[in-house]
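J.:
Protein chains in written order, with this note's numbering: chain A, -9 to 190; chain B, 47 to 276.
1. Only counting the same chain, and skipping five residues up and downstream in sequence, which positions put a Cβ closer than 7 Å to that of residue 78/A?
2. The beta strand (DSSP E) spanning residue 104/A covers which residue range?
3. Compare the C-beta of residue 28/A with all C-beta atoms of chain D and state if any pair is closer than 8 Å.
4. Buried or exposed for residue 186/B, going by 16 or more other Cβ atoms inside 10 Å?
5. Determine which residues of the region 102 to 126 of chain A have a Cβ less than 9 Å from any Cβ of chain B, and write them out in chain order.
6. Within 8 Å (strictly less), CB to CB, does residue 50/A reach chain B?
7. May I have the straight-line CA-CA distance separating residue 1/A from residue 46/A, to the nearest angstrom?
8. With a floor of 3 residues, list each beta strand (DSSP E) that falls wholly inside the region 66 to 95 of chain B, ordered by position along the chain.
9. Any idea if residue 237/B is buried or exposed, counting beta-carbon neighbours within 10 angstroms, 16 or more meaning buried?
10. Would you please verify whether the beta carbon of residue 248/B is less than 8 Å from any beta carbon of chain A?
11. Let me see if you follow: with CB-CB separation under 8 Å, is residue 5/A close to chain B or not?
12. Along chain A, in chain order, which residues have C-beta atoms closer than 7 Å to that of residue 101/B?
13. Leaving out the 5 sequence neighbours to the left and right, which residues in its chain are closer than 6 Å to residue 274/B when beta-carbon positions are compared?
14. Out of curiosity, what's the CA-to-CA distance linking residue 258/B and residue 109/A?
15. Is residue 219/B buried or exposed, if buried means 16 or more other CB atoms sit within 10 Å of its CB?
16. Where residue 9/A and residue 188/A are concerned, what is the direct C-alpha to C-alpha distance, given to the nearest angstrom?
17. Runs of 3 residues minimum, wholly inside the region 205 to 268 of chain B: which ones carry the beta strand (DSSP E) assignment?
18. Along chain B, which residues have their Cβ under 7 Å away from the Cβ of residue 133/A?
19. In or out: residue 116/B buried (at least 16 other Cβ within 10 Å) or exposed?
20. Got a sec? Which residues, its chain only, sit under 6 Å from residue 264/B by beta carbon, not counting five neighbours each side?
21. Can you tell me which residues form a DSSP beta bridge with residue 166/B?
22. Give the DSSP-derived three-state secondary structure of residue 104/B in the structure shown.
23. Drop a sphere of 10 angstroms on the beta-carbon of residue 176/B, count the other beta-carbons inside from all chains shown, and report buried for 16 or more, exposed for fewer.
24. Buried or exposed: where does residue 61/B fall if 16 or more other Cβ atoms within 10 Å of its Cβ makes it buried?
25. With a cut-off of 8 Å, does the C-beta of residue 171/A fall near any C-beta of chain B?
26. Under DSSP, the beta strand (DSSP E) around residue 50/B begins and ends at which residues?
27. What residues from the region 135 to 146 of chain A come within 8 Å of chain B, judged by C-beta to C-beta, listed N to C?
28. Would residue 51/B and residue 110/B be called neighbours here (beta carbons separated by less than 8 Å)?
29. Closest to residue 15/A by C-alpha separation, out of 141/A, 96/A, 111/A, 172/A, would be which residue?
30. If we call anything under 8 Å between Cβ atoms a contact, is residue 134/B one with residue 191/B?
31. Given that a residue counts as buried once 16 or more other Cβ atoms are within 10 Å of its Cβ, and exposed if not, what is residue 99/B?
32. Once DSSP output is grouped into helix, strand and coil, what is the label at residue 156/B?
33. Reducing DSSP to helix, strand and coil, say where residue 188/B ends up.
34. Please report the straight-line C-alpha distance between residue 267/B and residue 105/B, rounded to a whole angstrom.
35. Three Cβ pairs or more, each shorter than 8 Å: is that satisfied between the region 139 to 158 of chain B and the region 194 to 205 of chain B?
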């Protein structure tokens, strides 16, 4: 697992900005991106995203690392849009998605998970009257973020075990042990959460 | 030191249509500071350890920690008893090192400054200072186990239960854990297959097929365990 989208400590204006404001800004840009029609507007949006990386004192290769996982998806989408709607539409669709991925990753890179959890807990506060426990929702978010590298590691172990036994890639032979291992991990994690006093 | 009392404790796990007895009528009182638990796989020692933290409630008998019944006062017991598992990956909850140490303190309603001070102290004590904001999944196995231990100890439990904390570790990291355990002021119950780890403990108990097979000093307990295996 690469270190993509994991908090990178830096002393920057964006790091110091509250998690709630950053999330609000991200939501605002996502909503506004629906209005983007022209390729030059996409240029402005991408320029803004990259400028914010510079303000956050994060190098260009960090920005690149955020895009790599979705690169092929964007290429395929771009080709499809180009064939169906022409190049201008392709540039707009791919460019907007690229900018949003970059900005969402920027929030993760500059905000501690515990700060995001605090925002989620505050946002869920009013739901208490309907029986929602905000602390639990926050924990769910934290566990979701924490579980990504764990499941990636489990997948690597399953793949290694298959290769060691000379098995070729079979989706079922990969998925079944991965699901079993993930469930076993969830079981142990649940036990650890109880031991760490999560029900207090 | 808290007093750990087991009074005719048995525990059976459901298995198919029947059940399997994993702890069989154990009666014990533990008051020493450092208590080792050894025995073969499946001998019941892990279940015993889990009973001390109310993770397992015995099917019959009573377990009391410092007078608190684990069946009826589980939350109060867990607040006093910290538990360290074999696989640190399964107990690290938060994505970064400092956040995971702070996690156990979230529910204690401490002032943010107090939380920060305790996290700083824990990072320093366990050599994790340089990794404060590092993603926990990028730590080495030994560092992960130290983090898991730090996250437990930061909540200042009266009793620390560890279930094979060195099984996944190399020699150097095992030594680090041993040093940490030696330095603890709390009562420690350590379940292990590493017999060297308990050689300076105050009391070592041997589990065999769910029963308490031996109870005494480390030297005699290890000799008894070896004789059982032969």
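Virtual Cβ for every residue (Gly too), placed ideally from N, Cα, C.
T.: Walking through what the data contain:
1. Within the first chain, the letter at position 88 stands for residue 78/A. Hits under 7 Å: 29.
2. Counting from 1 along the first chain, the entry for residue 104/A is found at position 114. It is not in any beta strand (DSSP E) - residue 104/A instead sits in the alpha helix (DSSP H) that spans 103 to 114.
3. Among the protein chains in the structure shown, which are A and B, there is no chain D.
4. Translated into positions along the second chain, residue 186/B becomes position 140. It is exposed - the Cβ of residue 186/B has fewer than 16 other Cβ atoms within 10 Å.
5. 102, 103, 104, 107, 125
6. Sequence index remark: in the first chain, residue 50/A carries index 60 (1-based). No, no contact with chain B.
7. The sequence position of residue 1/A within the first chain is 11, counting from 1. The sequence position of residue 46/A within the first chain is 56, counting from 1. If I take the Cα positions, the gap works out to 8 Å.
8. 80 to 85
9. Position 191 of the second chain holds residue 237/B. Counting Cβ neighbours within 10 Å, residue 237/B comes out buried, since at least 16 surround it.
10. Residue 248/B sits at position 202 when you count from the first residue of the second chain. Chain A contact via Cβ: absent.
11. Taking the first chain and counting its residues from 1, the one referred to as residue 5/A is at position 15. For residue 5/A, the nearest beta carbon of chain B is not closer than 8 Å to its own beta carbon.
12. Counting from 1 along the second chain, the entry for residue 101/B is found at position 55. Those are 181, 184, 185, listed as they occur along chain A.
13. Position 228 of the second chain holds residue 274/B. Only 254 meet the Cβ criterion.
14. Taking the first residue of the second chain as 1, we reach residue 258/B at position 212. Taking the first residue of the first chain as 1, we reach residue 109/A at position 119. Approximately 50 Å, taken between the alpha carbons.
15. Counting from one through the second chain, the residue named residue 219/B turns up at place 173. Around the Cβ of residue 219/B, a 10 Å sphere holds 16 or more other Cβ atoms; the residue is buried.
16. Here residue 9/A is taken as the residue at index 19 of the first chain, counted from 1. Here residue 188/A is taken as the residue at index 198 of the first chain, counted from 1. Using only the alpha carbons, I get a separation of about 24 Å.
17. 205 to 209, 233 to 237, 249 to 254, 257 to 262
18. On the first chain, position 143 is the one that residue 133/A refers to. Correct list: 139.
19. Within the second chain, numbered from 1, the residue matching residue 116/B stands at position 70. The residue in question, residue 116/B, is buried, as its Cβ has 16 or more Cβ neighbours within 10 Å.
20. Here the question's residue 264/B lines up with position 218 in the second chain. The residues are 244, 245, 247, 250.
21. Position 120 of the second chain holds residue 166/B. The partner list for residue 166/B (beta bridge, DSSP) is empty, contrary to what the question assumes.
22. In the second chain, the residue the question calls residue 104/B occupies position 58. Of the three classes helix, strand and coil, the one that applies to residue 104/B here is coil, per DSSP.
23. Translated into the one-based positions of the second chain, residue 176/B becomes position 130. It counts as exposed.
24. The residue you call residue 61/B lines up with position 15 of the second chain. Its Cβ having fewer than 16 others within 10 Å, residue 61/B is exposed.
25. As a position in the first chain, residue 171/A is number 181, starting the count at 1. Put simply, the CB of residue 171/A is far from chain B, with every gap to its CB atoms at 8 Å or more.
26. Here residue 50/B refers to the residue found at position 4 of the second chain. Counting along the chain, the beta strand (DSSP E) containing residue 50/B begins and ends at 50 to 61.
27. 135, 136, 139, 140, 143
28. Taking the second chain and counting its residues from 1, one reaches residue 51/B at position 5. Taking the second chain and counting its residues from 1, one reaches residue 110/B at position 64. Contact annotation: residue 51/B and residue 110/B have beta-carbon atoms nearer than 8 Å.
29. Taking the first chain and counting its residues from 1, one reaches residue 15/A at position 25. Residue 15/A has its Cα closest to that of 96/A, out of 141/A, 96/A, 111/A, 172/A.
30. One-based indexing of the second chain puts residue 134/B at position 88. One-based indexing of the second chain puts residue 191/B at position 145. Contact flag set, yes.
31. The sequence position of residue 99/B within the second chain is 53, counting from 1. Buried: at least 16 other Cβ atoms inside 10 Å.
32. In the second chain, the residue the question calls residue 156/B occupies position 110. DSSP places residue 156/B in coil when its eight states are reduced to three.
33. One-based indexing of the second chain puts residue 188/B at position 142. If DSSP states are grouped into helix, strand and coil, residue 188/B belongs with the helices.
34. On the second chain, residue 267/B is found 221 positions in, with the first residue counted as 1. On the second chain, residue 105/B is found 59 positions in, with the first residue counted as 1. Counting only the Cα atoms, residue 105/B lies some 28 Å from residue 267/B.
35. yes
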